[in-house]
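Student: I have a structure I would like to understand better, so I am pasting it below and will then ask my questions one at a time.
Chains as they are written, first to last, in this note's numbering: chain A, 1 to 160; chain B, 1 to 234.
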């Protein structure tokens, strides 16, 4: 009886984490897909990729996020979509970390504090909060990949 | 295995078979959405050479609104009429820049961007309409002086922009028509596209002879003017 309960709890947790990670990815992807030039700028600001590559990646990334989000929310290929979502979050953490180290402002546009203000001051909290949020999502992804079997999933439960 | 068990198993596999079919359709739909979305986004990502542009625009300067093409010092100004930092920057440096433009000392190229949203597109297009009336600088100044406190609040509409134009002395019906017909709405996309290629990630961004002005010089008028003089403005 006790074991049944824990398995059941794990399946609900997997669903919860799928919805959290999928929800964040869906919202982020949708906002960017609707504002393509901003999406491009949000990749350029990290100054990792050459401008041309960054601009193309900025257009494709939102759709990639939407795709992974839908797979997670509906519960398809849960293990792999969880891993992909986690990999994306790791990528973001690396991007933010290197921007922090190079003192690059990471908010595109005109919203002021993107980590570096007009007077050249670096504000660590801006980077740290983003990294912490993404770390939380990596943990969600890790749980999903380790325990892919969850509630309300389209995956065939007999194979996982 | 009892009969009941067999029955249960058959039922289950039947159910699973049905599920797999639905699942495949769902997977196919997701893949289709992603592919179509990504491919259209990339395919649409180029300047629309057919978009009507104001007469002061040169395609090879990123479709920006140009003044004094033959002046030796080139100044590219990337801005968004809804951007509060741009307003602060304008309040401090507008007079200096405008004097240099009207006295023909700089080759100025204005790139009114629209990444903040729909009202940025409206204001940029209206400024382009004002450019056709020879009143770009006046409209430019008025747009910042009257900048609404919040972005995309509904304050900028065709009607309010036509009124703003009238307040700076644009009374021609061709201006009204230009704004109302959205003549230059598509042109604003070309500005965005070029700004992206030039790696402009924030506004305001000024390039003096192609070189970005250091962050610290934007809101410090003495440093700002010194940078212009260093670039060759006399």
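In this text, a Cβ means the ideal position worked out from N, Cα and C, and glycines have one as well.
Everything numeric in this text was worked out from a predicted model, so none of it was measured.
1) Please classify residue 91(A): is it buried, with 16 or more other beta-carbons within 10 angstroms of its beta-carbon, or exposed?
2) Taking 9 Å as the threshold (C-beta atoms), are residue 161(B) and residue 74(B) in contact?
3) Anything in the stretch 109 to 131 of chain B with a Cβ closer than 9 Å to a Cβ of chain A? List those residues in chain order, please.
4) Which whole runs of the beta strand (DSSP E) in the stretch 55 to 123 of chain B are 3 residues long or more, in chain order?
5) Let me know if residue 70(B) comes out buried or exposed under the rule of 16 or more other beta-carbons within 10 Å of its beta-carbon.
6) Is residue 24(A) near the ligand ATP - that is, is its Cβ less than 8 Å away from at least one heavy atom of it?
7) Listing by chain order, which chain A residues have their CB less than 7 Å from the CB of residue 210(B)?
8) Identify whether residue 212(B) lies in helix, strand or coil by the three-state DSSP scheme.
9) So, with DSSP's three-state summary, where would you put residue 176(B)?
10) From this set, 148(A), 71(A), 89(A), 133(A), which residue's C-alpha is nearest residue 24(B)'s C-alpha?
11) For my contact list, residue 86(A) and residue 41(A) are in at a C-beta cut-off of 8 Å; report their separation, rounded to the angstrom.
12) Quick one, are the C-beta atoms of residue 128(B) and residue 148(B) less than 9 Å apart?
13) To the nearest angstrom, report how far apart residue 89(B) and residue 173(B) are at their CA atoms.
14) Report yes if the CB atom of residue 131(B) is closer than 9 Å to the CB atom of residue 55(B), and no otherwise.
15) What separation, rounded to the nearest whole angstrom, lies between the Cα atoms of residue 14(A) and residue 24(A)?
16) Can you tell me the Cα-Cα spacing of residue 168(B) and residue 158(B), whole angstroms?
17) Any beta carbon from chain A within less than 9 Å of residue 76(B)'s own beta carbon?
18) Rounded to whole angstroms, what's the CA-CA distance from residue 66(B) to residue 48(B)? Just pull it up for me.
19) Residue 51(A) bridges to which residues according to DSSP?
20) Starting from residue 80(A), trace the alpha helix (DSSP H) in both directions and tell me its first and last residue.
21) Does residue 18(A) come within less than 9 Å of chain B when only Cβ atoms are used?
22) Going by beta carbon distance, what residues of the same chain come within less than 6 Å of residue 122(B), once the five residues before and after it are set aside?
23) Kindly indicate if chain A contains any beta-carbon less than 9 Å away from that of residue 1(B).
24) Assuming residue 191(B) contacts residue 62(B) under a Cβ cut-off of 8 Å, what Cβ separation, rounded to an integer in Å, is found between them?
25) Output, in sequence order along the chain, the residues in the stretch 166 to 193 of chain B whose CB is closer than 9 Å to any CB in chain A.
26) What's the gap between the Cα of residue 112(A) and the Cα of residue 9(A)?
27) Please tell me whether residue 112(A) has its Cβ less than 9 Å away from any Cβ of chain B.
28) Using three-state DSSP, classify residue 111(A) as helix, strand or coil.
29) Within 10 angstroms of its Cβ, does residue 229(B) collect 16 or more other Cβ (buried), or is it exposed?
30) Which residues does DSSP pair with residue 206(B) in a beta bridge?
31) Please report how far the alpha carbon of residue 146(A) lies from the alpha carbon of residue 79(A), in whole angstroms.
32) Give me the Cβ distance between residue 68(A) and residue 81(A), rounded to the nearest whole Å; I'm assuming they're in contact under 8 Å.
33) Using a Cβ-Cβ cut-off of less than 8 Å, give me the residues of the stretch 56 to 67 of chain A that come near chain B, in sequence order.
34) Quick one: which residues of the stretch 29 to 40 of chain A get their C-beta closer than 8 Å to a C-beta of chain B? List them in chain order.
35) Closest to residue 166(B) by CA distance: which of 136(B), 188(B), 184(B) is it?
36) Contact defined as beta carbons within less than 8 Å: I believe residue 73(A) pairs with residue 149(A). What is the distance between those atoms, to the nearest angstrom?
Tutor: Straight from the coordinates:
1) exposed
2) no
3) 113, 114, 115, 116, 117
4) 65 to 67, 73 to 80, 106 to 113
5) exposed
6) As for the ligand ATP, it is missing from this structure, which has no ligand bound.
7) The contacting residues do not exist; residue 210(B) stays about 15 Å from chain A at best.
8) strand
9) helix
10) 71(A)
11) About 25 Å separates the two Cβ atoms, so there is no contact after all.
12) no
13) 32 Å
14) yes
15) 15 Å
16) 16 Å
17) no
18) 19 Å
19) Paired residue(s): none; residue 51(A) is not in a bridge.
20) 78 to 101
21) no
22) 156
23) Interpretation of residue 1(B) is limited by its pLDDT of 49, a score under 50 that renders its predicted location unreliable; the figure taken from the coordinates is listed afterwards. Not one chain A Cβ lies under 9 Å of residue 1(B).
24) 7 Å
25) 189, 192, 193
26) In this predicted model, residue 112(A) has a pLDDT of only 49, less than 50, meaning its place in the structure is not dependable; the value taken from the coordinates is given anyway. Going from the Cα of residue 112(A) to the Cα of residue 9(A) covers about 44 Å.
27) Caution is warranted here: a pLDDT of 49 is assigned to residue 112(A), below 50, making its placement in the model unreliable, and no coordinate value can be reported.
28) Because residue 111(A) sits at a pLDDT of 46, beneath the cut-off of 50, its placement in the model cannot be relied upon, and the following sentence gives the value as read from the coordinates. Correct three-state label for residue 111(A): coil.
29) exposed
30) 77(B)
31) 7 Å
32) 5 Å
33) 56, 59, 60, 62, 63, 64, 66, 67
34) 33, 35, 36, 37, 38, 40
35) 136(B)
36) About 16 Å; that fails the 8 Å criterion.
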